[in-house]
Amino acid sequence: MISFTLNGKKVDFKGDPNMPLLWYVRDEQKLTGSKFGCGVAMCGACTMHLNGTPIRACSTPISVVKDGQVTTIEGLQSKAAAAVQKAWQKLDVVQCGYCQSGQIMSATALLEQNPKPNDQEINQAMQGNLCRCATYHRVRQAIHSAATHLAKEV
Ligand code: FES
Ligand code: FES
Numbered sequence: 029m030i031s032f033t034l035n036g037k038k039v040d041f042k043g044d045p046n047m048p049l050l051w052y053v054r055d056e057q058k059l060t061g062s063k064f065g066c067g068v069a070m071c072g073a074c075t076m077h078l079n080g081t082p083i084r085a086c087s088t089p090i091s092v093v094k095d096g097q098v099t100t101i102e103g104l105q106s107k108a109a110a111a112v113q114k115a116w117q118k119l120d121v122v123q124c125g126y127c128q129s130g131q132i133m134s135a136t137a138l139l140e141q142n143p144k145p146n147d148q149e150i151n152q153a154m155q156g157n158l159c160r161c162a163t164y165h166r167v168r169q170a171i172h173s174a175a176t177h178l179a180k181e182v
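Sequential numbering from 29 applies to the sequence shown in this note's numbering.
Below is the structure:
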């Protein structure tokens, strides 16, 4: 049995340990905010956090998260997450929306580790999150905006 914490709740999984985490979260837990894009860890649409670090859930066997803390977009709760979501709305970042859950997960993890990233650090942290609508410029602006907001809160 594989036990882990999903959005603060303990879950037990008794199936195939090679099942991708994304399958379990979407199909069995019915949390569909994390998207399936490429399936091969190339687009970032499926990004979740494992112990606060972004992972590609499409390519992460569920056995890897044993005893860990998994957070999806539905369970994201922190000052950084709130600042990111506010900035996303303010700057109207979203276009079609498909990649945006993954973008927000990566942006939040970045700000939790580095509350005032420069452009280069943002580009590096976000490089695995592709956007077919090319919202990259607004994503970067929103991360700066969230960082400014967080700095005022301290
Ligand atoms: S669906 Fe996981 S990285 Fe593309
Ligand atoms: S907003 Fe459409 S793929 Fe990113």
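All residues carry an ideal CB built from backbone N, CA and C; glycine is no exception.
C-beta contact flag for residue i and residue j at 8 Å
i	j	result
residue 75	residue 130	yes
residue 161	residue 124	yes
residue 101	residue 70	no
residue 149	residue 108	no
residue 175	residue 143	yes
residue 138	residue 153	yes
Three-state secondary structure (DSSP) of residue i
i	result
residue 122	coil
residue 34	strand
residue 44	coil
Residue i Cβ short of 7 Å to ligand 4 heavy atom set
i	result
residue 125	With respect to small molecules bound, the structure shown includes ligand 1 and ligand 2 and not ligand 4.
Among the options, nearest to residue i - alpha-carbon criterion
i	options	result
residue 126	88, 116, 63 and 108	63
residue 73	181, 55, 79 and 61	61
residue 95	58, 39, 47 and 53	39
Exercise for the section: Let me have the residue list for ligand 1: C-beta closer than 7 Å to any non-hydrogen atom, ordered along the chain. Expected result: 50, 63, 64, 65, 66, 67, 68, 69, 70, 71, 72, 73, 74, 84, 85, 86 and 87
Problem - beta strand (DSSP E) segments (min. 3 residues) lying fully within the region 69 to 100 - result: 75 to 78, 81 to 84 and 97 to 99
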